[in-house]
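In full-length UniProt numbering, the protein residues as written are 1 to 275.
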């Protein structure tokens, strides 16, 4: 029963189906992890959402920044951007069912293995100053709110770059926003847990004093599967933790990539029509 982890779909439905076919994926036998950003920018956002939804218990998903943006746009918390391709979802007859399902997804997926073989999935990364137990607890803080009556109020204030630095005594919406940003938007970070939100290109675009989150060592040593950073093209030079970068930029003309967790084998299909 293999488990495949796939990077950001971002509405690339044709490539998603092609990749599942290449893997001979069978939801009755196999498991699928999706590293967030199922939607936006690509032409098949609604189809990607429906495809993932129909896989039921065979799929595990973490929320990405584009998924959370969709939830905020659907509520009216923020306006859609000119580059968004979310209209088909917002106009769909099954939108409420799909959005309710999406909003119930976690920020963190963990295979529950022993510490030396543990694999977890997040969208953007794992803040280096957080232990695994702290990261899990903080993910659950946000997940609890998104599944509660307070969800709408938080989506109204979720977007924003402050506070940029994590502090344990953060409270309220500032605390929740900082957690969301760490799990879904992080690329470059300082040793004290300050995030940069401007640099989005390759490793040589790091602002002064900042470094990729995976170049900081950790006391624990899980394998971390993540997406979000298309400019890496699946490469993580200088990593001091065990990481697998899965966003290979399908929506930008690259490819859609799957990692078989048990064997480490990677399989990719090329983009058919870049955004």
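Ideal placement from N, C-alpha and C gives every residue a C-beta, glycine not left out. Keep in mind that this is a model prediction, so the values were computed, not measured.
| Asked | Found |
| --- | --- |
| If we ignore side chains and look at the alpha-carbon of each, how far apart do residue 257 and residue 160 end up? | 30 Å |
| Assess, as a yes-or-no matter, whether the region 114-123 is touched by the region 33-52 under the definition of 3 or more beta carbon pairs within less than 8 Å. | yes |
| With a threshold of 8 Å, are at least 3 pairs of Cβ atoms found where one atom belongs to the region 79-92 and the other to the region 123-142? | no |
| Are three or more beta carbon pairs between the region 20-27 and the region 60-71 nearer than 8 Å? | no |
| What's the gap between the Cα of residue 167 and the Cα of residue 48? | 36 Å |
| Which of the three DSSP states, helix, strand or coil, is assigned to residue 87? | helix |
| Tell me which same chain residues have a C-beta within less than 7 Å of the C-beta of residue 86, skipping the five on either side of it? | 39, 40, 45, 70, 73 and 80 |
| Is the Cβ-Cβ distance between residue 212 and residue 188 less than 8 Å? | yes |
| Which residue from 84, 218 and 238 puts its Cα closest to that of residue 132? | 218 |
| Could you name each continuous alpha helix (DSSP H) segment of 4 residues or more that falls completely within the region 166-250, going from the start of the chain to the end? | 172-184 |
| Specify the secondary structure class of residue 263 as computed by DSSP and reduced to three states. | coil |
| Nearest to residue 55 by alpha carbon, out of 17, 237 and 88? | 17 |
| For residue 31, which three-state DSSP category applies? | strand |
| Can you tell which of 127, 19 and 149 has its C-alpha closest to the C-alpha of residue 181? | 127 |
| Going straight from the alpha carbon of residue 236 to that of residue 7, what length do you get? | 15 Å |
| Enumerate in chain order the residues of its own chain whose CB-to-CB distance from residue 244 is below 6 Å, with the five nearest sequence positions on each side excluded. | 225 and 259 |
| Out of 153, 234, 191 and 255, which has the shortest C-alpha to C-alpha gap to residue 246? | 234 |
| Which two residues bound the contiguous beta strand (DSSP E) that contains residue 162? | It is not in any beta strand (DSSP E) - residue 162 carries neither H nor E in the DSSP assignment. |
| Which partner residues does residue 59 have in the DSSP bridge list? | 32 |
| Tell me the rounded alpha-carbon separation between residue 13 and residue 43. | 8 Å |
| Taking residue 165 as the reference, which of 154, 190, 108 and 270 has the closest Cα? | 190 |
| So, with DSSP's three-state summary, where would you put residue 109? | strand |
| When you compare only the Cα positions, how much space is there between residue 51 and residue 267? | 20 Å |
| Which residues mark the beginning and the end of the alpha helix (DSSP H) in which residue 9 is found? | Unbroken run through residue 9: none, as it is neither H nor E. |
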